[in-house]
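Inspection log for the structure reproduced underneath, given as structure tokens.
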Amino acid sequence: MEIRHASNPKDVKLYDTKRLRDEFLMTDLFNIDEVKLVYSFTDRIITGGAFPVKEELKLEAGKEIGADYFLQGRELGIINIGAEGEVILDGEVYKLKHKDGLYVGKGIKDVVFKSIDSNKSAKFYFNSAPAHKKYPTVKIDIDKAEIVKSGDIAQSNARRIVKYIDPSVCESCQLLMGMTILEPNNVWNTMPCHLHDRRMEVYFYFDMDDDGIVFQLMGEPGETRHIVMRNEQAAISPSWSIHSGVGTKNYTLVWSMVGENKTYSDIDWIDLDTLK
């Protein structure tokens, strides 16, 4: 499990490109027959990827979370970005097709990831947050999730926002999770950009060409920075940081938030005149 410590915005102003990437960028999330975990001290969110090809993969607790099993005091959100697969929870099987999601409440002892066909492997992207209460496990099919259209092609940001873990869909302690799908010929997500001091966020980009990139914007409004990101990479966005991205062509991203509330619309929009 990789560890990422929380960062002070005053210090981040002094980071060079390598330091920014070391602190906020998450790469190599999908390694064949491995579970990759990145633990951030920013609201103690864990970001991970499971890529079962020939083997079943179990989600294990580590010393970093000080628990007997991974979900002893945590909740979990999963989205399958690969071919059809299974998530097995204490022996109960949940089949997830491409872009299906799953909310898993605290208290589940065994979490196992499996592909249906090793030639067409599943890829399970997930986030986990501390939880104080157990809520029921809920499977969220992509065709049953709440979908909101946003933006317009004139601003190059026409997109569909798919809510998986949200009060309108299922209960959770603090984890919110969803997907933003940009329409063809649109490249911006969340612009004008915004802040929400009450929640941090993780952005995970996929459905990108091998030669495609996204410029993930971050930093304080008057002291912005950027990170160049590629397919199946994720970025930590602290609550004090703006978060927005622009790509070389359209893409899909998974957004996950934890913090003080679960109100998706609790946003502080940033006047473009203040950006520097």
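Each step along the sequence shown adds one to the number in this note's numbering, with nothing skipped, and position 28 is 14. Every residue gets a Cβ at the ideal spot worked out from N, C-alpha and C, and that includes glycine.
Residue i and residue j: beta carbons closer than 8 Å?
i, j, result
"Ser107", "Ala69", "yes"
"Asn217", "Asp196", "yes"
"Tyr89", "Cys159", "no"
"Leu261", "His229", "no"
"Gly59", "Lys92", "yes"
"Ile18", "Val39", "yes"
"Met165", "Ile65", "yes"
"Glu206", "Trp174", "no"
"Leu168", "Thr238", "yes"
"Thr33", "Ala(-8)", "no"
"Asp257", "Leu181", "no"
"Lys125", "Asp86", "yes"
"Glu246", "Arg146", "no"
"Ala47", "Phe56", "yes"
"Tyr111", "Val200", "no"
Quick check on residue i: does DSSP put it in helix, strand or coil?
i, result
"Pro268", "Residue 268 lies beyond the stretch modelled for the chain, which goes from -13 to 262, so this question has no answer here."
"Leu258", "helix"
"Lys100", "strand"
"Ala140", "helix"
"Leu162", "strand"
"Leu45", "coil"
"Glu70", "coil"
"Lys4", "helix"
"Ile265", "Residue 265 lies beyond the range of the chain shown here (-13 to 262); nothing can be said about it."
"Ile228", "coil"
"Glu132", "strand"
"Ile31", "coil"
"Ile253", "coil"
Where do the N-terminal and C-terminal ends of the beta strand (DSSP E) with residue i fall, by residue?
i, result
"Phe16", "Taken as a continuous stretch (DSSP letters only), Phe16 belongs to no beta strand (DSSP E), as it is neither H nor E."
"Phe37", "Where Phe37 is concerned, there is no enclosing beta strand (DSSP E), given that its DSSP letter is neither H nor E."
"Leu82", "Glu78 to Leu82"
"Asn66", "Arg60 to Asn66"
"His212", "Glu209 to Met215"
"Met(-13)", "Taken as a continuous stretch (DSSP letters only), Met(-13) belongs to no beta strand (DSSP E), as it is neither H nor E."
"Met243", "Thr238 to Gly245"
"Val200", "Val200 to Glu206"
"Met186", "Arg185 to Phe192"
"Lys149", "Arg145 to Ile151"
"Ala221", "Gln219 to Ser223"
"Lys248", "Here Lys248 belongs to no beta strand (DSSP E), and DSSP marks it neither H nor E."
"Lys125", "Val124 to Ile126"
Between residue i and chain B, is any beta-carbon pair separated by less than 8 Å?
i, result
"Gly231", "Going by chain labels, chain B is absent from the structure shown, which holds only one protein chain."
Need the endpoints of the alpha helix (DSSP H) that residue i sits in, please.
i, result
"Lys(-4)", "Pro(-5) to Val(-2)"
Only counting the same chain, and skipping five residues up and downstream in sequence, which positions put a Cβ closer than 6 Å to that of residue i?
i, result
"Glu50", "Met(-13) and Tyr25"
"Ser242", "Asn113, Met163 and Val188"
"Lys44", "Val98"
"Asn236", "Leu168, Pro170 and Asn172"
Leaving out five residues on either side along the sequence, give the residues of the same chain with a beta carbon under 7 Å from the beta carbon of residue i.
i, result
"Pro116", "Arg30, Gly59 and Arg60"
"Glu209", "Lys(-1) and Lys262"
"Phe190", "Tyr111, Ala220, Leu239 and Val240"
Here's a check: name, in chain order, each residue in its chain whose Cβ is nearer than 8 Å to the Cβ of residue i, leaving out the five neighbours to either side.
i, result
"Glu132", "Val148, Lys149, Asp152, Ser154 and Val155"
"Met177", "Gln141, Asn143, Ser230 and Val232"
"Asp267", "This structure cannot settle anything about residue 267, because the visible part of the chain is limited to -13 through 262."
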